[in-house]
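Residue numbers (my numbering): 321 to 543.
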């Protein structure tokens, strides 16, 4: 359990990869196995004793395995204030999948916008249905934007265009950007955030994404 100084806020960003509910094609995992994974994910989050959690790739509705993953993690972590921003909603009634980004918080949240990002496909497209979820919370009496991201992983030029759009949208407002940027520390989108001179954070460091083929840092929290 990390110890915090008075006035500090602990933030976690976590791409939960839909709790791996989709097994390919029309196959979905069982409720029991998905809930077991979600409990482990929630335990990882809870261990950090966070005040705010940004989730990427979080399912809110899944007909074949209908668990609201955001609500589940919020309940397990004791975070009472929840905002979700839908990126995709595909399928037919009783057999659809909907999800996107979310913010969970100890502090009250005010809705701001869930805005389309550059390159967003039509609703039936699955490769680049990207939005940014923006809510607001007060810290020391001052409103701060909390922007949950999961940017383009297929086209890095479009990823940069999305980052430019997000920074322009924020403007001079105080903000926390957190989530899956799908961009490495040396690549354009992360450099773009750094070059504004407005944000602090861990620009480089340990990997945040692991599989057998690669280990890389693509998830960030910038304040």
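C-beta: ideal position from N, C-alpha, C; glycine also.
### Message
Restricting to runs no shorter than 3 residues, where is the beta strand (DSSP E) found entirely within the region 404-444?
### Response
415-425 and 430-436
Coarse secondary structure for residue 261, derived from DSSP in three states: Missing from the structure shown is residue 261; the chain here goes from 321 to 543 and no further.
Using a Cβ-Cβ cutoff of less than 7 Å, which residues in the same chain neighbour residue 415 once the five nearest sequence positions on both sides are dropped? 383 and 384
Environment of residue 494 [buried if 16+ CB atoms lie within 10 Å]
exposed
Check your understanding: For residue 397, which residues from the same chain have a beta carbon less than 8 Å from its beta carbon, with the 5 sequence-adjacent residues on both sides left out?
Key -> 362, 365, 366, 370, 373 and 424
Under 8 Å between the Cβ atoms of residue 432 and residue 399?
no
Task: Per-residue DSSP class, three states only, for residue 518 - done: coil
Note down, in chain order, each residue of its chain lying with its Cβ closer than 7 Å to the Cβ of residue 403, except the 5 sequence neighbours on either side.
Cβ within range, chain order: 422, 423, 429, 431, 453 and 455.
field: Opening and closing residue of the alpha helix (DSSP H) in which residue 392 lies
entry: Start and end: 389-397.
Of all the beta strand (DSSP E) runs that stay within the bounds of the region 342-387, which reach a length of 3 or more residues? 342-344 and 372-382
Q | Cβ pair residue 531, residue 333 closer than 8 Å | A | In this structure, residue 333 does not lie closer than 8 Å to residue 531 by Cβ.
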